[in-house]
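One structure is given below, encoded as structure tokens.
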Amino acid sequence: MSFKKKIIIGINIIGVICLGYYALPYLMHDTTIGNSEAMLPMREYEASGFVLTLGLLPLVIANLLAFSLIKCQNKWVRFLWLLPSLVCFLIVAHFWITAISDALQKL
């Protein structure tokens, strides 16, 4: 295995770890406020949704690199590289849809 493939796999592993770290507070709907003295205090699930929004594009790029450069015997196994991007996209879409609908209800 070449050095380039090892780097891409390492980047994907880091991306999946970050996805799990930030997806858990969002999915558990953690409403604690981490830093209440901040200028804009956020609940943990809001902060996690925002960080997942920022990390979606780098995760998609890393997953697409792995999908295109790392070959497998079975073509369908290669699509597993895109699974973290799909999960992150669904969480981000849910975050923004609920945030926009809550803002519209307050009007």
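Residue numbers for the sequence shown follow our numbering, beginning at -17 and rising by one. Backbone N, C-alpha and C define an ideal beta-carbon position, used for all residues, glycine too.
Should residue i be labelled buried (16 or more other beta-carbon atoms within 10 Å of its own) or exposed?
{"i": "residue 48", "result": "buried"}
{"i": "residue -10", "result": "buried"}
{"i": "residue 50", "result": "exposed"}
{"i": "residue -16", "result": "exposed"}
{"i": "residue 58", "result": "exposed"}
Hey, residue i and residue j are a contact pair by Cβ (cut 8 angstroms); roughly how many whole angstroms apart?
{"i": "residue 1", "j": "residue 41", "result": "7 angstroms"}
{"i": "residue 8", "j": "residue 61", "result": "24 angstroms between Cβ atoms; not a contact."}
{"i": "residue 22", "j": "residue 70", "result": "That belief does not hold up - the Cβ atoms of residue 22 and residue 70 are roughly 23 angstroms apart, past 8 angstroms."}
Whose C-beta lies closer than 8 angstroms to the C-beta of residue i among residues of the same chain, with five residues either side of it excluded?
{"i": "residue 24", "result": "15, 16 and 32"}
{"i": "residue 5", "result": "30, 34, 69, 70 and 73"}
{"i": "residue -5", "result": "none"}
{"i": "residue 53", "result": "60"}
So for residue i, helix, strand or coil by DSSP?
{"i": "residue 52", "result": "coil"}
Between residue i and the rest of its own chain, which residues show a CB-CB distance below 6 angstroms, the 5 nearest in sequence each way excluded?
{"i": "residue 67", "result": "41, 42 and 45"}
{"i": "residue 11", "result": "27"}
{"i": "residue 63", "result": "45, 48 and 49"}
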